[in-house]
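Q: Here you go, one structure.
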Amino acid sequence: MSEPTTLPAQGLPPTPEQIRRHLRRAQQVAERAVTLGHHPFGAILVGPDQETVLLEQCNIDTVNHAESTLARVAATNFPADYLWGCTLYTTVEPCCMCAGTAYWANIGRVVFGMTEHALLQCTGSHAENPTMSVPSRYVFDHCQKAVDLIGPVPEMEPEIAEAQRRFWAGR
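Converting from the sequence shown to this note's numbering requires adding 5 to each position, the first position being numbered 1.
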């Protein structure tokens, strides 16, 4: 009988292929948000093995973003030490509210496809999506524990940006 694999404190690091695959899944969740009448943002939570999708969440409204809602649900349903090994994948860089909620939920890693700054270029400063120029890196750099932040992911940016431009052009 082999020894069980012990995962590092923040879970296995994602491979480039896993990052692309999970960001594409988050983009599918964002597209589902549009069919439900919401803004095109999506997030998924992946377990420490970087394979098991635990939760999916699309955007709901201006105070219930995909990432913050997912983090709250995760914190209610999983132990904090387990969440520290999980990864939140999201299409667009988490705003300061979402970054803070992921931190308080004890999610140990966040991966995003494109920056909030790039989102502003897509929305054209749309009144329904007043972006904030507070990078998630700034939020995580001011936390007491080090959340692993990966992003933007250059090979995913065009796909995510095109979906954002298409949505906001029709608003």
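For every residue, glycine included, the Cβ atom is placed at its ideal position computed from N, Cα and C.
Note that the structure is a prediction, hence the values are computed from the model and not measured.
What does DSSP give as the partner residues of THR95 in its beta bridges?
A: Reading the sequence shown from its first residue, position 90 is the one you call residue 95. Per DSSP, ALA48 and PHE117.
Q: Jot down the residue ranges of each uninterrupted alpha helix (DSSP H) in the stretch 61 to 89, minimum 4 residues, whole runs only, in chain order.
A: Complete alpha helix (DSSP H) runs here, min 4: 71 to 82 and 85 to 88.
Q: Who are VAL58's beta bridge partners in DSSP?
A: Sequence index remark: in the sequence shown, residue 58 carries index 53 (1-based). Partner(s): VAL51.
Q: When we look at the beta-carbon of ALA31 and count the other beta-carbons within 10 Å, is it buried (16 or more) or exposed?
A: Counting from one through the sequence shown, the residue named residue 31 turns up at place 26. ALA31 should be labelled buried.
Q: Sort ALA76, HIS44, ILE155 and LEU75 by Cα distance to ALA132 and report the nearest one.
A: Here residue 132 corresponds to residue number 127 of the sequence shown, with the count starting at 1. The candidate whose alpha carbon is nearest that of ALA132 is HIS44.
Q: Counting C-beta neighbours from all protein chains within 10 Å, is the total for HIS70 16 or more, i.e. buried, or is it exposed?
A: Translated into positions along the sequence shown, residue 70 becomes position 65. Looking at its Cβ environment, which holds 16 or more other Cβ atoms inside 10 Å, HIS70 is buried.
Q: Who does ILE155 pair with in a DSSP beta bridge?
A: By 1-based counting over the sequence shown, the position of residue 155 is 150. Looking at the DSSP assignment, ILE155 forms a beta bridge with VAL116.
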